[in-house]
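Participant:
Chains as they are written, first to last, in this note's numbering: chain A, 1 to 447; chain B, 1001 to 1279; chain C, 2001 to 2302.
See below:
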């Protein structure tokens, strides 16, 4: 039939076009001429000609960061920083696309601290050991450790974090529960908190105990640590998964029971949880001090703070870590120089970026700069009594970094889903054993 | 018989209204959440109370927050991109659909197969390779980069082709006998008869750009070029999430196409009524 | 006029037709080739390459190894199964309800333009917004369960149960899709000349008879569009999974498209994702081909 032949001709033509296209698309990938080849500059010189660098970030919205950028441009008039704010939830994927698509799309970018090892393995970070040799003097030990891979400094840490426990005074009073103290020496055990939370719920609280980052490893790792289960992996380079041991099972059977017993709500996302506490529905809320502004704004919310609890007989452990800055290893020498000056400004100079921001959500890594954080008006509210000393103590004594491994991206992904299943009722041992298997499969490519 | 028809019609209206209300409930919730604080929104969703759908305390704080974070600029970007996409997209899609439905030529089936295959491929699957291409062509951070992928829409071509197929050939033959060329037939005979289909295809093109999120964040990085969905996503920050702003901005984005569609309802009428019989 | 008769046309006419066809088609075909087809080939090409996630080092060619590894994974087949279950259920539900509503709202009812717009409204809400709203609505202690318990029905776990998550997804997808496809069916219904309904009425046919003998056959072309487009839309739906369930609970909502998106974007690992994309495309092509065949009009226009 005539149209059959015509169709065949078209298909053949199409196939030829496709093969040609396939060949063409196979080539590609520009290589940066004149790049720094993965090693940051050992000497920083002030540029004599105007230069623009691109900074891609997820931690702050453009308006929030503007005062810092303005201050930087005052101090270094020849350098213009073009800030690209990327939605937080998609930051890692957009970063991947930008860095792999073209070698000069961005010069400096935010690095989620636990992903540092993975980024080094991907070839995304320049070696900064010679650029910032005295980093150890300026930042807190946790941040320094997070920025070091294989003995080399690969990022400029600029902010870290900690966690506390908020309690709703009104709900506790209604249940006749004594107000917890903010002194780390009087840290409550999880067992006690659960007992009290149950009482509070019986007395009218809608939820007894809610975790801020309800299914995130960031906030749940300390449970495993405190139960003696370790951070989740062992062996050389932390590439042998270990999330199904006795400690992990104990910690997460306990965690799952919170939802089973109605102390915590199912089906609530991470972003929604603070609104529950702000609405006065939660007796105990474990979360970051950055909710301070939102909670203080609720006039009717009478709350207090206490240390992040630990299991009875277990070591105290608190979440920590935040953001660092990384340098594109394929940047040109000029841009790398300007970018390094910017990184130094953010992390080291005169206490770092913190002094230019009116409101700090988290403590800066810079030891001098963190004074500004602790001095915030938010913390002067009587409801926050004791929080400054508490955070300082935790950062110095109980902060536990997240697992440092090349396979961190896969780890966090698997664990978030596993925690989600445990929250929704899957038996903890079953879920964790399955997670162990998934991790073995995911990490096979790194062995 | 008249009484039966009146009762019948009343029943149908009640059914229509009830179904519409059911579909509308979540949108009403969005509207209510626009005018109350996020805390109140969450407090009222559980346990169930009557003020799930009505704010206890009206406040404009969410709308203020939306305006203060540049949503109006993002909204106008979205409107411009969507409008241009609809106009240009309808032009090229209608032309292609016309060729695929009316003009006889060899290989028509094969070309149509390519069009169908093209919309089988999910856009997210090709967004990264495509963004690499745009980056190589130095088209990043331009309005063109935002508009272009919205123009090659196989689905719009498909729906218009189906409607063109329904128009009797006798009309085009008559026009040919009168000496009209293909363009005349297209413009003066076919297009006026397919207004509902054009609205449908326009909707497809419009919604593609209205919801566009992944593509914009891959090819644009400057805040001035943000589209509305990107602006909404930025409300989910690393430390705080302004849910009130999310609800307000989502409600605004939902209302605009609804108003447009309501205005275009009168074109959704029988188009063939005036042409008589169909084959 | 069929292709067969076209070949009987005079050569000059055929040439003019071909030129006209090229002129009408060129912009769209060019756009589709450059913006869809060629990147698709590149994406599919990744299914035969392998490399470390997110690495700046170019990947190496490994032939069919990725497919072999993929087909050996139980989690892959589970994805395929869940995807098929979701689609086999959601498509008929959406289209039948859309058709029912389209028929209802082409009766001569007052304010029908308003009803149509209200039912369409969910499709105008940005998908992320709809997802968040339904995520809150279907919380185990949320408003929907609140209404259910009000009527004495048991509260449902919805997105938090491995057995019910697919149902919850169907509810969400249908709320959005029914109004959208209804509009196209309304346009199609309005395209049927009243003359046919008159003839049926004169012949004494009741509403059901008219529907099956007159309406449905005349609705074949728009119905084919709606069927195919809805099938594709549901196969490539992933945003609700990404936002609400991340493929869970217990991987029961790990639909193929979500897995593809998740691996390529969130894990920066496009290779296995591309292999899954190929599988997804093959499934869709097979189903769409069957639909074209089923709803072929007698004139054989394909």
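Backbone N, C-alpha and C fix where the C-beta goes; we use that ideal spot for every residue, glycine too.
Taking the alpha carbon of residue 226(A) as the reference point, which residue from 214(A), 166(A), 240(A), 310(A) has its own alpha carbon closest?
Facilitator: Nearest C-alpha to residue 226(A): 310(A).
Participant: Decide if residue 1267(B) is buried, meaning its Cβ has at least 16 other Cβ atoms within 10 Å, or exposed.
Facilitator: Under this definition residue 1267(B) is an exposed residue.
Participant: Take residue 329(A) as the anchor and find which of 107(A), 83(A), 95(A), 71(A) has the nearest alpha-carbon.
Facilitator: When only C-alpha atoms are compared, the closest one is 107(A).
Participant: Which residues bound the beta strand (DSSP E) around residue 323(A)?
Facilitator: Start and end: 323-327.
Participant: Taking the alpha-carbon of residue 1148(B) as reference, which of 1201(B), 1131(B), 1161(B) has the nearest alpha-carbon?
Facilitator: Checking every option, the nearest Cα to that of residue 1148(B) belongs to 1131(B).
Participant: Please state if the CB of residue 320(A) and the CB of residue 209(A) are separated by a distance shorter than 8 Å.
Facilitator: The answer is no: Cβ separation not under 8 Å.
Participant: Going by alpha carbons, who is nearest to residue 2011(C) out of 1106(B), 1031(B), 1017(B), 1150(B)?
Facilitator: Of 1106(B), 1031(B), 1017(B), 1150(B), the residue nearest in Cα terms is 1106(B).
Participant: At a cut of 8 Å, does the region 135-152 of chain A reach the region 390-409 of chain A through at least three beta carbon pairs?
Facilitator: Output reads yes: the region 390-409 of chain A touches the region 135-152 of chain A.
Participant: Checking contacts by CB at 8 Å: is residue 25(A) closer than that to chain C?
Facilitator: Here residue 25(A) scores only 44 on pLDDT, less than 50, and its place in the model is too uncertain to base an answer on.
Participant: Okay, do the region 2121-2132 of chain C and the region 1014-1030 of chain B touch, 3+ Cβ pairs below 8 Å being the bar?
Facilitator: Yes: the two stretches touch, three or more of their Cβ pairs being nearer than 8 Å.
Participant: Taking just the CA atoms, how far does residue 1023(B) sit from residue 2175(C)?
Facilitator: Cα to Cα, residue 2175(C) sits roughly 7 Å from residue 1023(B).
Participant: May I ask you to report which of helix, strand or coil DSSP gives residue 56(A)?
Facilitator: Looking at residue 56(A) - three-state DSSP - the assignment turns out to be strand.
Participant: Enumerate in chain order the residues of its own chain whose CB-to-CB distance from residue 78(A) is below 6 Å, with the five nearest sequence positions on each side excluded.
Facilitator: Once the five neighbours on either side are set aside, the close Cβ partners of residue 78(A) are 47, 50.
Participant: Pairs of beta-carbons, one from the region 152-160 of chain A and one from the region 284-298 of chain A, closer than 8 Å: are there three or more?
Facilitator: They do not touch, by the three-pair rule.
Participant: Looking at chain C, which residues of the region 1225-1251 of chain B have a Cβ within less than 9 Å of any of its Cβ atoms?
Facilitator: Listed by position, the residues of the region 1225-1251 of chain B near chain C (Cβ gap below 9 Å) are 1228, 1229, 1232, 1233, 1243, 1246, 1247, 1249, 1250, 1251.
Participant: Between residue 2115(C) and chain B, is there a C-beta pair that is closer than 8 Å?
Facilitator: Yes, residue 2115(C) counts as interfacial toward chain B.
Participant: Using three-state DSSP, classify residue 464(A) as helix, strand or coil.
Facilitator: Because residue 464(A) is not part of the residues shown, which for chain A are 1 to 447, the question remains open.
Participant: For the beta strand (DSSP E) holding residue 157(A), just list the boundary residues, first then last.
Facilitator: Note, residue 157(A): beta strand (DSSP E), 156-159.
Participant: Count the other C-beta atoms from every protein chain shown that fall within 10 angstroms of the C-beta of residue 43(A), then say buried if there are 16 or more, exposed otherwise.
Facilitator: Burial call: exposed.
Participant: When the Cα of residue 260(A) is compared with those of 189(A), 421(A), 88(A), which residue comes out closest?
Facilitator: Taking only the C-alpha atoms, the option nearest residue 260(A) is 421(A).
Participant: Between the region 1083-1101 of chain B and the region 1193-1213 of chain B, do at least 3 Cβ pairs fall closer than 8 Å?
Facilitator: With the cut-off at 8 Å, the region 1083-1101 of chain B and the region 1193-1213 of chain B touch.
Participant: Could you tell me the boundaries of the beta strand (DSSP E) in which residue 165(A) lies?
Facilitator: It spans 164-168 - the beta strand (DSSP E) in which residue 165(A) sits, taken as one unbroken run.
Participant: When the cut-off is 8 Å and only beta carbons count, does residue 427(A) lie next to chain B?
Facilitator: No, residue 427(A) lies away from the interface with chain B (no Cβ there is under 8 Å from its Cβ).
Participant: Can you pull the chain B neighbours of residue 276(A), defined as C-beta to C-beta under 8 Å?
Facilitator: The answer, in chain order, is 1042.
Participant: When the distance is taken between beta carbons, is residue 1128(B) closer than 8 Å to residue 2264(C)?
Facilitator: Contact flag set, yes.
Participant: Using the Cβ count rule (16 or more neighbours within 10 Å means buried), how would you classify residue 2262(C)?
Facilitator: When all chains shown are included, residue 2262(C) counts as buried.
Participant: Buried or exposed: residue 363(A), going by 16 or more other Cβ atoms within 10 Å of its Cβ?
Facilitator: Residue 363(A) should be labelled buried.
Participant: Chain B beta carbons: is any one of them nearer than 8 Å to that of residue 2206(C)?
Facilitator: By this cut-off, residue 2206(C) is not an interface position.
Participant: Return the chain-ordered ranges of every alpha helix (DSSP H) run that is complete within the region 1045-1084 of chain B and spans a minimum of 4 residues.
Facilitator: The region 1045-1084 of chain B contains these whole alpha helix (DSSP H) runs: 1061-1068.
Participant: Closest Cβ-Cβ distance between residue 265(A) and chain C: below 8 Å?
Facilitator: At least one chain C Cβ lies under 8 Å of residue 265(A).
Participant: Check each candidate in 239(A), 187(A), 111(A), 265(A) and name the one with the smallest Cα separation from residue 214(A).
Facilitator: Residue 214(A) has its Cα closest to that of 265(A), out of 239(A), 187(A), 111(A), 265(A).
Participant: Please name the residues in the region 2279-2295 of chain C whose beta-carbon is closer than 8 Å to at least one beta-carbon of chain A, in chain order.
Facilitator: Here the close residues number zero.
Participant: Let me make sure I understand the geometry here. Which of 2256(C), 2153(C), 2187(C), 2042(C) has the alpha-carbon closest to that of residue 2225(C)?
Facilitator: Cα-wise, what sits closest to residue 2225(C) is 2187(C).
Participant: On the criterion of 16 or more Cβ atoms from any shown chain inside 10 Å, does residue 1005(B) qualify as buried, or is it exposed?
Facilitator: By the neighbour-count rule (16 or more Cβ atoms within 10 Å), residue 1005(B) is not buried but exposed.
Participant: Contact between the region 2067-2076 of chain C and the region 2236-2245 of chain C: three or more CB pairs below 8 Å?
Facilitator: The region 2067-2076 of chain C vs the region 2236-2245 of chain C: no contact.
Participant: With respect to the beta strand (DSSP E) encompassing residue 306(A), which residues constitute its N-terminal and C-terminal limits?
Facilitator: Looking at the DSSP string, the run of the beta strand (DSSP E) that includes residue 306(A) is 303-306.
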